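Visitor:
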């Protein structure tokens, strides 16, 4: 890509970022509702900080930071080793949102200059593309985090008006129109997984390598709210034999008895979404499920979760279709067609838990685009959070969700989260051994 | 007081409340920086809620709440027994500040109506006066809480511009101009303490009763930053023999080695105040001191803290002079005159820790203005938080601080806080036995 | 007292200590069931350590410790300021109990020598008497701690065989034979409290001083299990209005719904005692009650707890009678006679909570028997734990319990514990204002 | 195996169990030094409980438990889902050790009877063999747990007298006699792993299945104390770039700066072992290392940890030689011969961390020896803790340690522990990609 093409993309991604936060007040953008989350204003400042720190600082002749304090306030790269987003971020009532917008604007102008002045520098282009992908990730996080914040408000605020009206009466039992869950067969054998192509990918998707798979089957669609309700009615949250020991301890110590954003009781469940509170739609995929819950559901139903190799092998044969963030619905859709022939809802509804822990691929080397360039250490820091420092006690999710930007989705993409995470848009894809 | 006079005062107190928050942004008003604190917006809503709940609800013919959810969102009277301010208050990005201002305005108009319609109802007047005193308390809390919030911000924001410029060079050693600490003698004997008068007081100040005091001496002024620095330099934070065992555990587990809002090190101390960060002025009273620290300082200096009876007996003989919140300085002042003849700085600089635990006065009965009125149960709830539910593991503070409204200050007033509290404007008055 | 008389008492106290632990196995003596408690073996080593550290070390010409490591293993005087008994004490499986018994025996022989050699040294006698009182305190603690340990064992082990057989059928409702609770009247006025006499007392009981008391009434006996059961049946644990806010939080976070050693449910309560598990005897005093529970019971019953001055003023007029530890029953007794004329059960059944926080008496000076002697610093350390370091967030208890040695009981004695303590033998004495 | 052969083995395993605890006092056997551990007495009772619960209860005609309370006191199968060993186990001072020995003896006699009466019952034989393997596991745990208990004792007690005297002077720098670390090459390809054979194995070792491995290299021996010391001297514990983020947080929050049982400082390190405290021997393998530390060491040294497939593929080609528990040294040995030709110390020195999370093998089905037998549900419970309930957030260790019984060691055996575990006998085997 040429520098000017890159900057055009840069501009369009930023426009999208700003469009996403349009419905929010300054107060909404300032508050942090969990230590693991960040305020929207911080996300915005952090996006600008990334470009300022990894590009402007190295490519501007006489670099002066927008504000010296911002270099630490908006940093996520904590040399002292603290990698979780800092709970103090929510205390930053100053700078105001409008100053953070100024910060972004100033960085944009300077980025235009730098890209223009270094049109032939492969590194600056690579870092800019990395920054754009980084921004897309924060677009998803903004939506994830704002959903959690609004969910804690007794007023049940609405982020966007729902496009499709919520059901006016409970839809129990299962809507008859829903395609039944079927099993798609895959032969396995010695297959290859990992990124194959010339565009941007993270280093954890490489190298492409061989895996030996036994024959397996993947569910034709995601598990629905209605099906999950059956699990609950069957005492799913009260029978330890379905659960990892650790998962059982977790639901007990957290008093968890239903998915994170469900409210109410058996007779009248509601679900909080970015469109506010509405009656639970049993035909939609169940989301905001921890790995513990996904595993328990799978055991209860006599199935299991797929490995990431199974998932990628199957998914790489399918077209990337889904509702994605660009759809502006920010909620998964009801599946319309799903059959033995090919699994549906692989992309753009919910991140699908796999049973695979997040670890290095065979032959993996942390990314270094060019070891001889003086910029390679910058690169190391810039991609640091995507690589090996997280490769313990995290599990791989695949596919992307209804708040994931389309460009962030590909069959080889490896998302990863701790097993207890349920504030992310996560769902359940069942698998089983072919017998 | 007539109803119209009451409403005039009501209006003027509210004007002051709104004036106080003038320098703050919507973001500043929304965030909660500690579980024990509340956002300014919550304080504002809670002030309106008090009048709505305890007066409008009972005196309006066809009462409709401003918003049903506000009845719990802005309540501090948690029937389930949770009495600490709820950490969730900081998540209320909705309603916006401007809606909460509307809430206040609407309640004001309805209060005017109710007061007018019930001019002869002693109870409605009494409750309104209670509500006004409640509002004054929250004026102080707003300043206390906003100071903490701003103190956590790396930008060291300034709430108000300091009236007196901060010292431009460190003022060590002790400014020679400062009156030396002397000891004022009191004979004691069988004295009386407790509220005496006809105006508003809390029930915990009654009944006025006898106490037998041995001869004692009270320091002529508050302990200064400079004196406290001597304690620190003498290893005060590193010698357990000065400390309550519990206090020693507390400073160790909290890593406390200096007063809460001090920054820096021995050679160059700074203090954060509502005017931002400035060099420490050694002539000013030391503030934001826990009871543990006050006690340790007193032991180190060979003195002790006064009892509340000693304090009140001595202070009731002095005029109420000080800098108070109305001064708009929000920081204590340097003492100018202090002598054996009479103790200075008793009122309006810093709440002074006593060694007395907060407990019921002999003969105390929880307030009931009129047991036969149907409103007495309302009264019980309205004053509930000032009375006996807090009478364990809290210590009495006397005098009032530079963020206390003048009208809230009197010699019999009993403030009370846990021994570990340092975010309040607290200081040290020494005492000793007369020998 | 002469040295030889002192040593005779020393010997008899030690005999009692060893008699008390006779029923215990080595395993029973080794384990620590709560961080606030100590194993019996540690108590024993600590008793010897006290004499070794504060006397032998200073009076033996060529002092060699029994074992260098014991000087810290059995110390409670943690210079680093850690004053709670160390949870690691329960890990000391070595030295064995028999070696700790050797330690005691050796110290005894050396104490005999030192007392003999220093017959005229007032200090050595004073310190020995202090050590003997210290040992009596640990006799009580051994019984308290072993009760807790055995209570956690599913086998409900019996420490001693009950002298009076437990009731074979539940005794509900209240046994008619029990004297009804009546109110004993006291005029109060300007009274004196504090230790008066020539024998041993702790410095916190001095100086004797004046207190002004309003007329008051004290309950004629302790609150019984049966009465406490009424409180529970009336929803006592479910109505926050009876509780200190802090007490309410405590019962909720600890899931407390009945006294510590009660088991079972409404229809069939049992109580665990040092004689094992038996049906609850409703005529016995309720024990193992936190201050929170005592206060809630008092409010529910329309009364209050006494102040320590009220208690001492009333109790100093009564004979010291009770069941004490020497009785070897280790459980309070049913009251037989109690009337308006004089309160019963003041001594030797249960420590009685007062509403008074533990603080220095007016004119109090930490004990120094003789400031000019070089031993005064030893004295300071030896009595350190009884004096002012604990004077925050603790409440005074009076009277002594059924596990308290008779010699430890006097009207001026001030025991003190945190408000949440229920593993001690604590009970409820009601008081009220005389109207 | 015939019943009588099985019972002979049963007897010999029990003899070994009892021999192991010979050096311990009753007190040593009673105390629990960490929530994750159990007292030796509990292990012993639990061993008997296993046979009583899963065999006697089902095969004895008129089964009566030895003591009804023991059925829960010695159970690890907590239906309520609490799977960590209960911290209350350390409070069981009763039953005494001698009663628990009686419990074992009684169960032995009854087992002899049952085995004799059911000589042809395949299930009873299978369950007995399972119980014997279960007992071997607890032999290892007893040694692990007693090491931790003794390590917390200031007397540094010795469990056994060391066979080889500890070095009398520090052995820094690296002993020249030690074979240098070399790299053994393996071609990989499509290999098979998993249990192959006819003897006892756990279900998690099955089914044997194909894995595709890139060419790789394995270190010729374990990492030594001396090498680990280099890592420490190079600032290993102070540089976050070597650590998983989670590992960095862990060492910081636990104040970890060296292996668990090391004491002292840079100039004079000592190591606590079951032979007491001795100067650190730099030629011995480093043990008691968490996965976090193993990974950090590997990164610092430019290598990585092996996968479990790599380890098993390499190890299955080697003879099983090592020092094992039978050696009665309970400490790893210095390697004598190690070369490129074949890796040494694979078995019987230290459990070797792999980078593989513990998860189900492809085609895995939880063990059911015979679905049609009524005993299959018993089997499920009996093996429950070895199978899938633990398959999250645990990492696989291979090889066995110096406290592992020889019979428990095989190339396919999968041990698993949380990444933070360091109280187990764990060590570091390096691996790297063949380039």
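Protein chains in written order, with the UniProt record's numbering: chain A, 1 to 435; chain B, 1 to 435; chain C, 1 to 435; chain D, 1 to 435.
Ideal Cβ placement from N, Cα and C applies to all residues, glycine included.
Since we're looking at a predicted model, the values are computed, not measured.
1) Output yes if chain B places a C-beta closer than 9 Å to the C-beta of residue 80 of chain A; else output no.
2) In the DSSP assignment, the alpha helix (DSSP H) including residue 107 of chain C goes from what residue to what residue?
3) Would residue 298 of chain A and residue 428 of chain A be called neighbours here (beta carbons separated by less than 9 Å)?
4) So residue 280 of chain B and residue 332 of chain B are supposed to be a Cβ contact under 8 Å. How far apart are they, rounded?
5) Answer yes or no: do residue 342 of chain B and residue 318 of chain B have a C-beta to C-beta separation smaller than 9 Å?
6) Can you list, in chain order, the residues of its chain with a C-beta nearer than 6 Å to that of residue 212 of chain A? Leave out the 5 residues immediately preceding and following it.
7) Residue 395 of chain B and residue 431 of chain B look like a contact to me (Cβ under 8 Å); what is the Cβ gap, rounded to whole Å?
8) In chain order, what residues of the same chain lie with their CB nearer than 7 Å to the CB of residue 441 of chain D, ignoring the 5 residues before and after it?
9) So, is residue 255 of chain B buried or exposed, given that buried needs 16 or more other C-beta atoms within 10 angstroms?
10) Can the beta-carbon of residue 48 of chain A be found closer than 9 Å to that of residue 106 of chain A?
11) Using Cβ-Cβ distances below 7 Å, what residues of the stretch 127-160 of chain C are close to chain D?
12) Taking the alpha-carbon of residue 28 of chain A as reference, which of B:305, B:264, B:229 and B:92 has the nearest alpha-carbon?
13) Is it true that the stretch 12-30 of chain B meets the stretch 240-253 of chain A, where meeting means three or more beta-carbon pairs spaced less than 8 Å apart?
14) Does any residue of chain C bring its CB to less than 9 Å from the CB of residue 25 of chain D?
15) Identify the contact partners of residue 210 of chain C in chain B, using a Cβ-Cβ distance below 7 Å as the criterion.
16) Would you tell me roughly how many angstroms separate the C-alpha atoms of residue 252 of chain A and residue 401 of chain A, rounded to the nearest one?
17) Evaluate the contact criterion for the stretch 10-23 of chain D versus the stretch 13-21 of chain C: three or more CB pairs, one atom per stretch, below 8 Å.
18) At a CB-CB cut-off below 7 Å, which residues of chain D make contact with residue 73 of chain C?
19) Look up residue 210 of chain D in the DSSP assignment and give the residues it is bridged to.
20) Leaving out five residues on either side along the sequence, give the residues of the same chain with a beta carbon under 6 Å from the beta carbon of residue 109 of chain B.
21) Can you find a CB in chain B that lies within less than 9 Å of the CB of residue 183 of chain C?
22) Which of the three DSSP states, helix, strand or coil, is assigned to residue 138 of chain B?
23) Please say whether residue 187 of chain C and residue 215 of chain C have beta carbons closer to each other than 9 Å?
24) Note down, in chain order, all residues in the stretch 388-401 of chain D with a beta-carbon under 9 Å from any beta-carbon belonging to chain A.
25) Taking only beta carbons into account, state which residues of the stretch 331-359 of chain C come closer than 8 Å to chain B, listed in chain order.
26) Go ahead and pull the three-state DSSP assignment for residue 326 of chain D.
27) Are residue 155 of chain D and residue 33 of chain D close, meaning C-beta to C-beta below 9 Å?
28) Closest by CA to residue 94 of chain C, which one among D:158, D:234 and D:193?
29) Let me know if residue 264 of chain B comes out buried or exposed under the rule of 16 or more other beta-carbons within 10 Å of its beta-carbon.
30) Which residues of chain B have a Cβ atom closer than 8 Å to the Cβ of residue 247 of chain C, listed in chain order?
31) Which one of C:142, C:357 and C:6 has the shortest CA to CA distance from residue 21 of chain C?
32) Assuming residue 314 of chain B contacts residue 397 of chain B (C-beta within less than 8 Å), just tell me the rounded distance between them.
33) At 8 Å on the CB atoms, spell out the chain B contacts of residue 91 of chain A, in chain order.
34) From the beta carbon of residue 324 of chain C, is the nearest beta carbon of chain B less than 9 Å away?
35) At a CB distance below 7 Å, what residues from the stretch 43-62 of chain C approach chain B? Give them in sequence order.
36) Is the CB-CB distance between residue 210 of chain D and residue 198 of chain D below 9 Å?
Guide: The relevant details are as follows:
1) Bear in mind that the predicted position of residue 80 of chain A carries a pLDDT of just 41, short of 50, making it unreliable; the figure below should be weighed with that in mind. No, residue 80 of chain A does not count as interfacial toward chain B.
2) 97-117 is the span of the alpha helix (DSSP H), which, as asked, contains residue 107 of chain C.
3) Yes, the Cβ-Cβ distance between residue 298 of chain A and residue 428 of chain A is below 9 Å.
4) Not really, about 13 Å apart at Cβ, beyond 8 Å.
5) Contact check for residue 342 of chain B against residue 318 of chain B passes: the beta carbons are separated by less than 9 Å.
6) Once the five neighbours on either side are set aside, the close Cβ partners of residue 212 of chain A are 190.
7) Contact doesn't hold; Cβ gap of about 14 Å is too wide.
8) This structure does not reach residue 441 of chain D, given that chain D is present from 1 up to 435, and the question cannot be answered.
9) Flag for residue 255 of chain B reads exposed.
10) One thing to note: residue 48 of chain A has its Cβ within 9 Å of the Cβ of residue 106 of chain A.
11) Residues of the stretch 127-160 of chain C with a C-beta less than 7 Å from any C-beta of chain D: 149, 152, 153, 154, 155 and 157, listed in chain order.
12) Taking only the C-alpha atoms, the option nearest residue 28 of chain A is B:92.
13) Segments in contact, no.
14) Answer yes: the Cβ-Cβ gap between residue 25 of chain D and chain C drops below 9 Å somewhere.
15) 212, listed in chain order.
16) Between residue 252 of chain A and residue 401 of chain A, the C-alpha separation is close to 28 Å.
17) The stretch 10-23 of chain D vs the stretch 13-21 of chain C: no contact.
18) Here the neighbours are 154.
19) Paired residue(s): D:192.
20) If we look at residue 109 of chain B and ignore the five residues flanking it on each side, it has no Cβ neighbours.
21) Taking CB atoms only, residue 183 of chain C has no neighbour in chain B less than 9 Å away.
22) When DSSP states are grouped into helix, strand and coil, residue 138 of chain B belongs to the helix group.
23) Cβ distance < 9 Å, so residue 215 of chain C and residue 187 of chain C count as in contact.
24) Contact residues of the stretch 388-401 of chain D toward chain A are 388, 389, 390, 391, 392, 393, 394 and 395 (C-beta to C-beta distance below 9 Å).
25) Against chain B - using a Cβ distance shorter than 8 Å - the residues of the stretch 331-359 of chain C are 355, 356, 357 and 359.
26) Residue 326 of chain D carries a helical assignment under DSSP once its states are collapsed to helix, strand and coil.
27) No.
28) For the residues D:158, D:234 and D:193, the minimum Cα distance to residue 94 of chain C belongs to D:158.
29) It counts as exposed.
30) Against chain B, the beta carbon of residue 247 of chain C has neighbours under 8 Å at 392, listed in chain order.
31) When only C-alpha atoms are compared, the closest one is C:142.
32) With a beta-carbon spacing of about 15 Å, residue 314 of chain B and residue 397 of chain B fall beyond the 8 Å limit used to define contacts.
33) Within chain B, the residues near residue 91 of chain A are 31, 33, 149, 152 and 153.
34) It does not; no Cβ of chain B falls within 9 Å.
35) Taking 7 Å as the Cβ-Cβ cut-off against chain B, none of the residues of the stretch 43-62 of chain C qualify.
36) Cβ atoms of residue 210 of chain D and residue 198 of chain D: not closer than 9 Å.
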